[in-house]
Each structure stands twice: as C-alpha cells, then as structure tokens.
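Chain order of the listed sequences is W and V.
The opening residue of the first sequence carries number 1 in the working numbering; numbering runs sequentially from there.
The opening residue of the second sequence carries number 729 in the working numbering; numbering runs sequentially from there.
From the three backbone atoms N, C-alpha and C, an ideal C-beta is built for every residue, glycine too.
This report concerns only the one structure given below.
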Amino acid sequence: MAERNMTSNDQIASKNGPGFQQIGQPLDRIDGRAKVTGAARYGYEHIVSDKCAFGYILGASIGRGRIVAIDAQAATKSPGVLLVMTHKNAPAQARFGEPTTATPREVFTRPRPVLGDAHIRYFDQPIALVVGETFEAARAAAGSIDVRYERLQGDFEPELCAATYRPERTNAGFATDTSAGGFAKAFAQAPVKVDATYTTAFESHNPMEPHAAIAQWEGDRVTIYTGTQTLANVRACVAGTLQIPLDSVRVVSPFIGGGFGSKLIAHADIMLAALAARVLQRPVKVAMTRQQMFANAGHRPLSIQQVRLGADRDGKLIAIGHEVCSSTARFEEFTEQTGVFTRSLYAADHRVTRHRLMRLDTNRGEWMRAPGEAPGMLAVESAMDELAHALQLDPIELRIRNEPNLDGTSLDPDRGIPFSSRNLIECMRRGARLFGWERRSARPGAIREGRKLIGHGMAAAIRPNYIGPSRARVVLEPRGTLRVQLDMTDIGTGTYTILTQIAADVMQMPPASIKVELGDSQLPTTAGSGGSWGAASAGSAVHDACTKLKRQLLDLPGIPPGGLQAEGSVTRSAEYDRYSQHAFGAHFAEVAVDLDTAEIRVRRMLGAFAAGRILNPKTARSQIVGGMIWGIGAALMEQTLLDPLHGAFINHDLAEYHIPVNADVGQIDTVFIEEVDERANVFGSKGIGELGICGAGAAVANAVFNATGIRVREFPITLEKLLPFLPG
Amino acid sequence: MSEQDDNALLTRRALLEGSAASALLLTTGMPLRSEAAAADEVSFAVHTNVVTLRINAHDSTLNLDSRTTLLDVLRHQLGLTGVKKGCDHGQCGACTVLVNGRRINACLTLAVMHENDEITTIEGLASGERLHPLQSAFIAHDGFQCGYCTPGQICSAAGMLEEARRGWPSHATHNLCAANIPLTDEEIRERMSGNLCRCAAYPNIVKAIAAAAHEARQ
Ligand code: FES
Ligand code: FES
Numbered sequence: 001m002a003e004r005n006m007t008s009n010d011q012i013a014s015k016n017g018p019g020f021q022q023i024g025q026p027l028d029r030i031d032g033r034a035k036v037t038g039a040a041r042y043g044y045e046h047i048v049s050d051k052c053a054f055g056y057i058l059g060a061s062i063g064r065g066r067i068v069a070i071d072a073q074a075a076t077k078s079p080g081v082l083l084v085m086t087h088k089n090a091p092a093q094a095r096f097g098e099p100t101t102a103t104p105r106e107v108f109t110r111p112r113p114v115l116g117d118a119h120i121r122y123f124d125q126p127i128a129l130v131v132g133e134t135f136e137a138a139r140a141a142a143g144s145i146d147v148r149y150e151r152l153q154g155d156f157e158p159e160l161c162a163a164t165y166r167p168e169r170t171n172a173g174f175a176t177d178t179s180a181g182g183f184a185k186a187f188a189q190a191p192v193k194v195d196a197t198y199t200t201a202f203e204s205h206n207p208m209e210p211h212a213a214i215a216q217w218e219g220d221r222v223t224i225y226t227g228t229q230t231l232a233n234v235r236a237c238v239a240g241t242l243q244i245p246l247d248s249v250r251v252v253s254p255f256i257g258g259g260f261g262s263k264l265i266a267h268a269d270i271m272l273a274a275l276a277a278r279v280l281q282r283p284v285k286v287a288m289t290r291q292q293m294f295a296n297a298g299h300r301p302l303s304i305q306q307v308r309l310g311a312d313r314d315g316k317l318i319a320i321g322h323e324v325c326s327s328t329a330r331f332e333e334f335t336e337q338t339g340v341f342t343r344s345l346y347a348a349d350h351r352v353t354r355h356r357l358m359r360l361d362t363n364r365g366e367w368m369r370a371p372g373e374a375p376g377m378l379a380v381e382s383a384m385d386e387l388a389h390a391l392q393l394d395p396i397e398l399r400i401r402n403e404p405n406l407d408g409t410s411l412d413p414d415r416g417i418p419f420s421s422r423n424l425i426e427c428m429r430r431g432a433r434l435f436g437w438e439r440r441s442a443r444p445g446a447i448r449e450g451r452k453l454i455g456h457g458m459a460a461a462i463r464p465n466y467i468g469p470s471r472a473r474v475v476l477e478p479r480g481t482l483r484v485q486l487d488m489t490d491i492g493t494g495t496y497t498i499l500t501q502i503a504a505d506v507m508q509m510p511p512a513s514i515k516v517e518l519g520d521s522q523l524p525t526t527a528g529s530g531g532s533w534g535a536a537s538a539g540s541a542v543h544d545a546c547t548k549l550k551r552q553l554l555d556l557p558g559i560p561p562g563g564l565q566a567e568g569s570v571t572r573s574a575e576y577d578r579y580s581q582h583a584f585g586a587h588f589a590e591v592a593v594d595l596d597t598a599e600i601r602v603r604r605m606l607g608a609f610a611a612g613r614i615l616n617p618k619t620a621r622s623q624i625v626g627g628m629i630w631g632i633g634a635a636l637m638e639q640t641l642l643d644p645l646h647g648a649f650i651n652h653d654l655a656e657y658h659i660p661v662n663a664d665v666g667q668i669d670t671v672f673i674e675e676v677d678e679r680a681n682v683f684g685s686k687g688i689g690e691l692g693i694c695g696a697g698a699a700v701a702n703a704v705f706n707a708t709g710i711r712v713r714e715f716p717i718t719l720e721k722l723l724p725f726l727p728g
Numbered sequence: 729m730s731e732q733d734d735n736a737l738l739t740r741r742a743l744l745e746g747s748a749a750s751a752l753l754l755t756t757g758m759p760l761r762s763e764a765a766a767a768d769e770v771s772f773a774v775h776t777n778v779v780t781l782r783i784n785a786h787d788s789t790l791n792l793d794s795r796t797t798l799l800d801v802l803r804h805q806l807g808l809t810g811v812k813k814g815c816d817h818g819q820c821g822a823c824t825v826l827v828n829g830r831r832i833n834a835c836l837t838l839a840v841m842h843e844n845d846e847i848t849t850i851e852g853l854a855s856g857e858r859l860h861p862l863q864s865a866f867i868a869h870d871g872f873q874c875g876y877c878t879p880g881q882i883c884s885a886a887g888m889l890e891e892a893r894r895g896w897p898s899h900a901t902h903n904l905c906a907a908n909i910p911l912t913d914e915e916i917r918e919r920m921s922g923n924l925c926r927c928a929a930y931p932n933i934v935k936a937i938a939a940a941a942h943e944a945r946q
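Shown next as structure tokens:
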C-alpha cells in the first residue's frame with residue numbers, strides 16, 4: 001500500500017471515538033515478510049563497516065576449582081589467530097560482587113565480568129576466547145589450548161544438599177515466606193488431606209537463536225549487536241562491567257530469535273565480544289555453541305515442592321501449604337518465586353508458603369518463561385487433582401468451591417485487596433464445554449482404545465499482570481508517515497504488529513502509513529520484553545505519545561513542513577497497588593498412554609483464557625499455543641541433567657535435551673473469554689506471553705493420571721516412571 | 729603448495745594488521761600474533777580449495793578453508809544469513825537448504841563437497857517480489873513467532889512436499905505401497921519433525937504447509 005499523503009488534521013483526527021478499529025484485529029505480522037524471506041537480521045548477522053573477526057569460547061572442564069596453568073602458545077601461533085584472551089590478559093573489569101544485589105532490579109544490570117580470575121565457579125565457564133580471521137581458525141585454535149586445574153569438590157547433588165537457607169526475598173522482590181491463620185493445626189485436623197512432594201527438573205530455555213553478539217568500537221564508544229529482550233539491561237551491564245559511561249554503549253537488537261527469559265541480561269558472549277573488539281580495534285563476533293548455552297545462558301532451577309492441602313468433606317479448603325526448595329548458585333542467588341502464585345489462587349483460612357534454597361556449584365538459574373508459576377503449578381495443580389480424586393469431586397467443581405470470594409467480591413486471599421478482574425470460573429466452564437469435559441471418566445484407567453489408555457485432565461492457570469516504566473516517541477513526517485520509536489523488542493511476541501495497530505487506532509491512520517522502529521538503545525527507553533509486560537508497557541507509552549501528537553495537531557492547520565513529534569510515557573498507576581492484577585485460564589488435555597511402552601501422546605489440548613482485551617488475536621493465539629506446548633515439554637520431556645560427579649549439564653544439546661517437536665503436538669485449541677480489565681492499562685489488556693504455560697503441564701499430568709491411575713510426582717513424566725506400574 | 733603460499737600471505741597480512749594493535753601489546757601484554765609466533769606455523773597448515781558454488785542460480789568462486797561447512801560459507805562468506813545456525817550439529821533443522829531439490833542440513837556438510845550442486849536457500853525461494861506460496865502461507869497462518877527457525881522450516885517444507893509428491897513414505901504413512909500418500913496433518917507433523925521451533929508455532933506451521941500444498945494442487 002502506498003503511504004497516505006496527509007495534509008490536514010481532519011484526516012487524522014476525524015474520528016475521535018473511543019472505539020478501537022485496528023486493535024483487536026488479527027493483523028498479519030508486520031515483520032512477517034522480513035522473516036520468511038531471510039531478510040531479518042539477528043544478532044550475529046549484522047553487517048558492520050569493518051571486516052568482523054570471529055571469536056570462539058573455550059569453557060572450563062571442571063565444575064569447581066582453579067586454573068593452575070593455561071598454555072595458549074599453540075593457539076596463539078595457529079594460522080589466522082588474532083588474539084587469545086584468558087584471565088591472564090583480559091582487560092580489567094568491574095568486580096562481580098556479592099551473591100545478591102541491593103535491590104531486585106540491579107540483578108539485571110550488575111557488572112558481569114568474564115575471564116576475571118583463575119577461579120572456576122561452574123562447568124563450562126568461559127576460560128578463554130580465541131579470535132581469528134575465520135570461525136574455523138578460531139575454533140581449531142581453541143581446541144589446542146592446554147589447561148591444568150586444581151579441582152575442588154563441588155556440590156552437584158541436590159539430594160545431598162544438607163544445608164538449605166532462607167533467602168531475603170524471592171525473584172521480583174516477593175516475600176520469601178507468608179503465613180495466615182494457624183496452618184499446622186488446621187492441616188492436622190482437616191478431614192481430607194493431600195500431602196505430596198513433587199520435584200521439577202532443571203530446564204533449559206533453548207531459544208533457537210544461540211546467544212551471540214557483535215561488538216564494534218569507535219573510539220571510546222561501543223556498539224553491541226545482539227539478540228536481547230531488554231536493551232537497557234545489556235547497556236547498563238556492559239557499561240558497568242567495562243567501567244565506561246552509559247552513553248558510550250549502544251545496543252542494537254531489531255530481531256531476536258526467541259528469548260523466553262534467557263535474553264534478559266548480558267551473558268558472556270556479549271562481554272567477550274566487547275573486550276576482544278576493544279583490544280583488537282576491530283569488530284568481533286562471538287556466538288555460544290548450542291552446548292555452551294546450557295551452562296552459560298541460563299536455566300530453570302530444579303525444585304522440590306511439598307504441597308499440603310487440607311479440606312472439609314465438601315471440598316472447601318481449610319489449609320493450603322506450598323513449601324519450595326530450589327537450587328541456586330554458590331556465587332549468585334536466584335530464588336524462583338515458585339510458591340508466590342499460591343498466595344492468590346485459592347481461598348483458605350490457614351495458609352503457608354515458603355522458599356528455601358540449596359546452593360550448588362552451577363551457574364545461576366534465570367527467569368524461564370513464567371518463573372514461579374511454571375514449576376509451581378505443576379505441583380499445586382497436580383495436588384488439587386489429587387484432592388479432587390480423594391474427595392470424589394469433579395476437579396472443576398473443587399476449584400469453584402475454593403474461589404476467593406467475600407460478600408460477592410473477589411479478594412486476593414494474601415493481599416486482602418480485590419482482583420482487578422478474575423474470570424477463572426468462566427474459563428473453566430467455557431473450556432469444559434468446548435473440550436467435552438463431560439465425556440471424561442472420573443475413574444482412572446477406565447477408557448481403553450486397543451492397547452492405549454485414554455485420559456483427560458484439567459488445571460487452572462494464573463499469572464500476575466505487570467507494567468513497567470516505558471517511554472516512546474512518535475514522529476509524523478511531512479508526507480504523512482508516522483514513525484514510532486522506542487527501544488522495545490519483538491522477541492516473536494508480535495510487538496511490531498501490535499504497536500502498529502495501537503498507533504493506527506489513536507492516530508486514525510492506516511497501518512501501512514505507520515513505521516515501528518524498535519531495538520535500538522538510542523530510542524526512548526522501555527521496560528523491554530519480559531514478564532509478559534511488553535505489550536502493556538510499550539503499548540501504553542505509544543498510546544500516550546500518539547495522543548499527545550494528536551492534540552498538537554488539533555491546534556495546527558496541517559503537518560508543519562518539518563514534521564511533528566511527541567513523546568509519551570507510562571508508569572505504574574495507583575490502581576496497580578489497589579488491585580491484585582492477574583490473568584487467568586483453564587487447560588484441558590487428552591492423552592493416550594501405550595500399555596506396552598508407556599509412551600504418552602498428547603492428542604489434544606484446549607485452553608480458555610481471561611486476559612483482558614486481546615490486542616491481536618492472531619499473534620496472541622500463537623503465544624498462548626506456544627506456552628501450552630511448553631507445558632507439554634515440562635510435563636513429559638524437558639530436563640537438563642546435572643552430572644553429580646563433575647557438575648556438567650550432560651545432555652547439553654538438542655538431541656539429548658528434548659523439546660517438543662512437531663509430531664509431539666496434536667490438536668491445540670484456544671479461546672479467549674471476552675474481558676476488558678480497565679484497571680490494568682489504557683487498553684484493558686493483560687500479559688499473555690507466559691499465561692499459556694501456567695498450569696498447562698499439570699493438565700497433561702492429570703490426564704496421565706486419569707488414563708492410568710498412576711500419579712507421577714517427579715517431573716518430567718518419562719516412560720520409565722510409568723512403565724513398571726502399568727497393567728498388562 | 730598453494731596452501732603454504734596462502735599461509736604465508738595470511739601471516740604477512742595478519743602481521744600488518746597486528747602492527748596497529750601492537751601498541752596495545754605493550755600496555756596489556758596480550759598474546760597478539762607476533763613475529764616470533766609466525767616461525768613454526770607449518771604444522772597448522774590450513775588446506776584451502778578453490779570451489780565454485782552455484783547458489784540461488786548464481787555462481788560464486790571461493791577459495792575455501794576445507795573445514796568450512798556449507799552453512800558457514802553461506803552465512804559468513806556469502807552474506808546469506810537467512811540460513812540460520814541453531815545447533816551446528818544436525819539437531820535442529822534451522823540450517824535447512826535445498827541441494828539439487830532435496831533438503832539437507834547445511835551444518836552437516838562441508839562446502840567443498842558441493843561443486844556443481846544446485847543450492848537453494850531461503851533467499852532464492854521467492855521470484856523477485858513475489859513470495860513463494862509457502863512463504864505467503866507462513867505469513868497468513870502465523871507459522872512463526874521469532875522467525876529464527878522459519879527459513880529452515882520453509883526450505884524443509886519445500887523439500888518435504890516434493891518427497892511426498894514422489895510417494896516417499898514416512899513413519900506416519902499407513903500404506904507404504906500407496907501410489908499417492910495423502911498429506912494429512914499427521915504426515916506433515918511427522919515429516920517436519922526435524923525442524924525444531926522453540927516458539928512452538930507447530931500447529932500453524934502445519935496449517936501453512938497444508939494450505940500451500942492444497943494451493944499447489946489446484
Ligand atoms: S544448525 Fe544445522 S541442524 Fe541445527
Ligand atoms: S519461530 Fe521462533 S523458533 Fe520457530
């Protein structure tokens with residue numbers, strides 16, 4: 001479509017009704033063409049002015065200890081090698097510091113030095129970077145580096161971790177522990193009880209784009225091309241680590257090949273590229289290998305969770321206990337907020353949640369899609385299913401009976417404030433109808449098709465709704481093109497597209513006249529993509545900027561010759577503290593379990609969600625479906641195995657770490673409940689990037705129980721955990 | 729002896745480039761390439777070959793380090809970065825390209841093995857501005873999110889549709905002897921399972937491929 005040529009503000013401001021026209025439409029992705037033609041450039045692929053040198057990372061082959069000697073002579077002499085950087089010659093950087101930062105926010109921006117000293121804190125920690133004229137030269141030379149270590153005994157076995165400790169807070173600054181009433185006594189006296197311990201495995205994000213960066217210096221200023229969810233984090237971290245002013249760092253990230261939480265902070269690839277490029281005075285690109293990503297690009301901690309539910313005979317919960325012990329690193333703390341959602345999900349007078357940590361000699365765990373809810377709901381929503389089974393009550397009915405409700409108001413049981421909106425019951429009812437829940441057999445193991453057992457399960461979903469401070473600029477060019485500029489990212493979420501829709505609606509312009517420019521730290525700063533806050537935060541800032549621009553236009557006869565621009569912003573409103581904001585959902589799954597092999601196939605899943613206004617049903621559905629499939633992965637296959645002897649993540653590639661493939665996924669249906677949450681933001685929308693995974697795995701696990709009568713509490717539910725117990 | 733000559737060249741060039749950086753050597757003690765280091769390089773001889781690759785109907789003659797994979801030549805030397813590296817081990821399919829019409833993982837093959845082969849990458853699928861039907865279908869059905877696996881998915885789908893057309897059975901095929909194998913969703917899922925998508929756009933990938941296949945049959 002040709003750009004619309006606008007000369008009078010009539011054309012822009014003719015309709016100022018509140019109705020949205022573009023928002024809510026299933027607009028195709030704006031960046032679709034770039035992605036399907038291969039034109040979209042990701043971190044490693046940017047073209048820089050000088051010829052780029054190639055860096056290759058060498059990782060430590062012990063899990064804890066010290067480098068005694070490192071012989072890089074052969075590597076240094078190897079043809080095509082420009083630089084071998086080790087702890088002996090790496091430029092000085094800021095110190096890493098204490099395991100915890102003063103504020104939760106600083107964990108994203110703290111210095112993260114590389115090759116700082118001889119200490120090895122985890123297996124495959126980078127110990128050298130070889131830079132060559134070619135990738136082949138650098139890789140070959142890295143293989144010739146000889147390292148001698150002094151090995152210390154590391155802690156790599158969670159089961160043996162005797163000393164657990166209580167962290168000051170959980171991730172995102174939540175309280176470590178909460179309690180209400182008198183849990184111990186109430187639970188002891190409850191007529192019907194579930195007391196079960198569940199474990200979840202280490203998991204690895206594995207975005208398809210490996211972590212990579214190109215660094216290029218011009219004088220004292222560096223430009224980093226990388227794939228990141230949040231440019232401001234990378235910028236601050238690079239500046240802090242290299243001890244240079246924030247203004248000297250520019251980060252560019254227009255396309256990101258998936259993040260899922262693993263691209264929230266700067267990792268070693270970025271810092272190594274920046275250091276080497278400075279030393280060589282020439283651009284350097286560094287990519288982690290897929291194998292290196294397992295130790296160096298984040299993982300989800302493992303967890304051991306005790307869930308205790310006490311109910312009366314009608315299924316009314318009296319006591320809810322969710323106590324979590326998860327892994328952390330010795331040198332840097334990460335407390336996944338696994339028990340936090342439990343505080344808001346169901347009502348009971350007597351409640352307790354606790355988080356404890358066990359220190360291991362691994363790298364630090366990181367935020368992996370729905371940190372907290374993803375592992376936590378596997379446990380709690382399985383336990384709810386166990387309780388429903390014990391009560392011989394329908395799992396949906398059990399949940400309905402435990403809706404937090406006071407005199408008709410939906411109150412957050414922990415915070416005592418109302419929910420901004422809470423349509424869990426509607427999600428369950430609508431989902432049940434569409435799924436055909438009534439055809440489920442309450443008795444496990446009752447449906448057989450040949451040598452297959454068929455089962456159905458459901459689980460609830462809850463996920464907090466966030467908004468983060470963000471700014472945006474809009475520039476209306478004389479010829480009528482609107483440029484929307486902010487340092488936001490599109491990690492596959494559809495940001496380019498929804499921001500186009502938002503600007504189109506406020507400005508009353510056709511989407512084809514709008515050009516959204518993202519992924520450059522020179523543009524106004526946003527909260528980036530993470531925690532499902534991207535659309536609300538960046539979208540509100542764009543909305544505000546457009547609204548201001550439109551107001552300016554009203555006082556003008558037309559667009560001035562030099563164009564016109566406006567800035568907008570958003571911060572958390574007072575509503576944010578007055579209301580408990582969450583999105584809700586209900587998952588349903590049908591599985592078939594093979595009696596001879598215990599192979600579990602997810603035949604179909606259905607998810608019903610209440611997530612406020614849906615900005616673009618097409619991209620929203622894709623995100624939700626992606627999340628639900630992550631639920632299949634967590635329930636049935638995903639686990640990163642830690643070698644108890646050496647501390648290596650041993651299945652560190654895509655052949656051994658199983659993520660769902662196309663053939664693992666059957667029919668997936670989704671439905672969004674009509675909802676507008678006016679307290680959430682100007683659109684009435686809520687985050688959806690993580691909602692899809694919350695509870696999805698539990699629905700699958702509950703379906704496996706319903707199919708077989710076997711309750712596996714150790715995730716993922718792999719064949720060997722079922723096979724010995726299957727009937728003949 | 730051409731390899732040795734190349735090495736000698738490389739060394740001289742590297743030294744020249746290194747001289748600008750040698751000031752840094754004094755201050756940081758970096759083991760940059762130095763003259764002393766150049767002496768015993770012979771044992772590291774790099775083997776190079778002059779190869780002509782025909783990519784997207786265009787010939788490129790390159791002097792290639794024989795260790796270079798087809799994937800790295802495409803991405804590093806020829807600027808065809810639509811071809812993606814997800815694992816470098818044949819485990820993800822992100823690097824899928826068509827060689828003589830068949831889909832292969834470009835990371836699992838050395839570039840020097842492909843003289844005289846007809847190589848098609850994602851950049852060569854569209855006809856000018858007109859997208860390949862699979863490309864349009866992926867957009868229409870939202871068959872991707874981050875887009876990183878997408879070029880591989882689309883090239884793989886192009887190769888797969890041809891395999892199915894020729895009657896090659898898959899693990900999901902019920903009748904191995906059938907002259908015509910119906911391209912059911914199950915068949916597509918099975919045949920596309922070598923292409924991982926962490927965004928998990930699978931249901932839409934299946935829809936997009938089914939739609940493009942349907943269109944092709946019309
Ligand atoms: S990069 Fe070739 S299969 Fe993964
Ligand atoms: S679209 Fe992101 S990996 Fe497939």
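- [ ] Could you name the residues of the segment 77-92 of chain W whose beta carbon sits closer than 7 Å to any beta carbon of chain V, in the order they occur along the chain?
- [x] Residues of the segment 77-92 of chain W with a C-beta atom less than 7 Å from some C-beta of chain V are 77, 78, 79, 80, 81, 82, 83, 84, 89, 91, listed in chain order.
TODO: For residue 660(W), go through chain V and note every residue whose CB falls closer than 8 Å to its CB, in chain order.
DONE: Reading the first sequence from its first residue, position 660 is the one you call residue 660(W). Chain V residues near residue 660(W): 928, 930.
Task: Interface partners of residue 851(V) on chain W, CB under 9 Å - done: Position 123 of the second sequence, counted from the start, is the residue given in the question as residue 851(V). Those are 37, 38, 39, listed as they occur along chain W.
- [ ] Report the rounded CA-to-CA distance for residue 940(V) versus residue 803(V), giving the unit in angstroms.
- [x] Counting from 1 along the second sequence, the entry for residue 940(V) is found at position 212. Counting from 1 along the second sequence, the entry for residue 803(V) is found at position 75. Straight-line Cα distance between these residues: approximately 28 Å.
Task: Contact list for residue 42(W) against chain V, beta-carbon separation under 7 Å - done: Translated into positions along the first sequence, residue 42(W) becomes position 42. Ordered by position in chain V, the residues that pass the 7 Å Cβ test against residue 42(W) are 876.
- [ ] Measuring alpha carbon to alpha carbon, tell me which of 786(V), 888(V), 830(V), 881(V) ends up nearest residue 821(V).
- [x] As a first step, residue 821(V) must be located in the second sequence, where it is residue number 93. For the residues 786(V), 888(V), 830(V), 881(V), the minimum Cα distance to residue 821(V) belongs to 881(V).
Open item on the list: I want to see whether chain W comes within less than 9 Å of residue 803(V), judged by CB atoms only; does it?
Closed with: In the second sequence, the residue the question calls residue 803(V) occupies position 75. Yes, residue 803(V) lies at the interface with chain W (some Cβ there is under 9 Å from its Cβ).
- [ ] Using only the heavy atoms of ligand 1, determine whether one of them is closer than 8 Å to the beta carbon of residue 819(V).
- [x] In the second sequence, the residue the question calls residue 819(V) occupies position 91. Residue 819(V): yes, Cβ under 8 Å from ligand 1.
Open item on the list: Quick check: what's the CA-CA separation for residue 169(W) versus residue 80(W)?
Closed with: For the purposes of this step, residue 169(W) is taken as residue 169 along the first sequence, with counting starting at 1. For the purposes of this step, residue 80(W) is taken as residue 80 along the first sequence, with counting starting at 1. Cα-Cα distance, rounded: 49 Å.
TODO: Just tell me which of 926(V), 869(V), 796(V), 867(V) has its CA closest to the CA of residue 840(V).
DONE: What you label residue 840(V) is simply residue 112 of the second sequence in a count that begins at 1. Checking every option, the nearest Cα to that of residue 840(V) belongs to 796(V).
Task: Neighbouring residues, chain V, relative to residue 207(W) (Cβ below 8 Å) - done: In the first sequence, the residue the question calls residue 207(W) occupies position 207. Neighbours of residue 207(W) on chain V, chain order: 874, 876, 926.
Open item on the list: Whether or not the segment 589-597 of chain W and the segment 651-659 of chain W are in contact is what I'm after, with contact meaning three or more pairs of Cβ atoms, one per stretch, closer than 8 Å; do they touch?
Closed with: no
Task: Buried or exposed by the 16-neighbour rule on C-beta atoms within 10 Å, applied to residue 622(W) - done: As a first step, residue 622(W) is located in the first sequence; it is residue number 622 there, counting from the start. With 16 or more other Cβ atoms within 10 Å, it is buried.
Open item on the list: Contact defined as beta carbons within less than 8 Å: I believe residue 668(W) pairs with residue 931(V). What is the distance between those atoms, to the nearest angstrom?
Closed with: Taking the first sequence and counting its residues from 1, the one referred to as residue 668(W) is at position 668. Taking the second sequence and counting its residues from 1, the one referred to as residue 931(V) is at position 203. The distance from the Cβ of residue 668(W) to that of residue 931(V) is about 5 Å, consistent with a contact at the 8 Å cut-off.
Open item on the list: Going by DSSP in three states, residue 668(W) sits in which element: helix, strand or coil?
Closed with: The residue given as residue 668(W) occupies position 668 in the first sequence. The answer is strand: DSSP assigns residue 668(W) an E or B state.
TODO: Please list the segments of the beta strand (DSSP E) lying wholly inside the segment 465-534 of chain W, counting only runs of 3 or more residues, in order along the chain.
DONE: 470-476, 482-485, 514-517
Open item on the list: Comparing C-alpha positions only, which one of 210(W), 424(W), 114(W) sits nearest to residue 587(W)?
Closed with: Here the question's residue 587(W) lines up with position 587 in the first sequence. Comparing Cα positions, the closest option is 424(W).
TODO: May I ask which residues mark the beginning and end of the alpha helix (DSSP H) holding residue 241(W)?
DONE: Working through the first sequence from its first residue, we reach residue 241(W) at position 241. Taken as a continuous stretch (DSSP letters only), the alpha helix (DSSP H) holding residue 241(W) covers 231-242.
Task: Pick from 382(W), 463(W), 440(W), 395(W) that is closest to residue 419(W), judged by C-alpha positions - done: Along the first sequence, read from residue 1 onward, the residue named residue 419(W) stands at position 419. Of 382(W), 463(W), 440(W), 395(W), the residue nearest in Cα terms is 463(W).
- [ ] Flag residue 822(V) as yes if its beta-carbon sits less than 9 Å from any beta-carbon of chain W, otherwise no.
- [x] Residue numbering aside, residue 822(V) sits at position 94 when the second sequence is read from its first letter. It does: the Cβ of residue 822(V) has a partner Cβ on chain W nearer than 9 Å.
Task: alpha helix (DSSP H) segments (min. 4 residues) lying fully within the segment 146-199 of chain W - done: Here the runs fully enclosed are 183-189.
- [ ] For residue 768(V), I'd like the list of residues in its chain whose CB is within less than 8 Å of its CB, leaving aside the five on either flank, ordered along the chain.
- [x] Taking the first residue of the second sequence as position 1, residue 768(V) is located at position 40. For residue 768(V), the predicted structure reports a pLDDT of 46, less than 50, and the residue's modelled location is therefore unreliable. A value from the coordinates is still provided. So the list is empty, once near-sequence residues are dropped.
Open item on the list: I want to see whether chain V comes within less than 9 Å of residue 298(W), judged by CB atoms only; does it?
Closed with: Residue numbering aside, residue 298(W) sits at position 298 when the first sequence is read from its first letter. No, residue 298(W) lies away from the interface with chain V (no Cβ there is under 9 Å from its Cβ).
Task: Endpoints, the alpha helix (DSSP H) within which residue 878(V) is located - done: Your numbering for residue 878(V) matches position 150 in the second sequence. First-last of the alpha helix (DSSP H) with residue 878(V): 878-893.
Open item on the list: Taking the straight line between their C-alpha atoms, what separation do you get for residue 817(V) and residue 798(V)?
Closed with: On the second sequence, position 89 is the one that residue 817(V) refers to. On the second sequence, position 70 is the one that residue 798(V) refers to. Looking at the two C-alpha atoms, the distance is approximately 13 Å.
- [ ] Could you name the residues whose beta carbon sits closer than 6 Å to any heavy atom belonging to ligand 2, keeping them in chain order?
- [x] 208(W), 258(W), 492(W), 872(V), 873(V), 874(V), 875(V), 876(V), 877(V), 878(V), 925(V), 926(V), 927(V), 929(V)
Open item on the list: Going by DSSP, what residue range makes up the beta strand (DSSP E) through residue 358(W)?
Closed with: Counting from 1 along the first sequence, the entry for residue 358(W) is found at position 358. Taken as a continuous stretch (DSSP letters only), the beta strand (DSSP E) holding residue 358(W) covers 350-360.
Open item on the list: Would residue 948(V) and residue 926(V) qualify as a contact pair, given that the criterion is a beta-carbon distance under 9 Å?
Closed with: Any question about residue 948(V) goes unanswered here, given that chain V covers just 729 to 946.
- [ ] Show which residues of chain W have a CB atom less than 7 Å away from the CB atom of residue 815(V).
- [x] Position 87 of the second sequence, counting from 1, holds the residue named residue 815(V). Result: 290, 653, 654.
Open item on the list: My assumption, with CB atoms under 8 Å, is that residue 228(W) sits in contact with residue 253(W). Please give the rounded CB distance.
Closed with: Numbered from its first residue, the first sequence carries residue 228(W) at position 228. Numbered from its first residue, the first sequence carries residue 253(W) at position 253. About 5 Å separates the two Cβ atoms, so the contact holds.
Open item on the list: Counting only Cβ-Cβ distances shorter than 9 Å, please list the residues of the segment 828-841 of chain V near chain W, keeping chain order.
Closed with: none
Open item on the list: Give me the residue from 344(W), 66(W), 372(W) with the minimum Cα distance to residue 150(W).
Closed with: Translated into positions along the first sequence, residue 150(W) becomes position 150. For the residues 344(W), 66(W), 372(W), the minimum Cα distance to residue 150(W) belongs to 66(W).
Open item on the list: I'd like the list of long-range same chain contacts for residue 681(W), defined as Cβ closer than 7 Å, with 5 residues on each side in sequence excluded.
Closed with: Translated into positions along the first sequence, residue 681(W) becomes position 681. Excluding residues within five positions, the ones whose Cβ falls inside 7 Å are 467, 536, 540.
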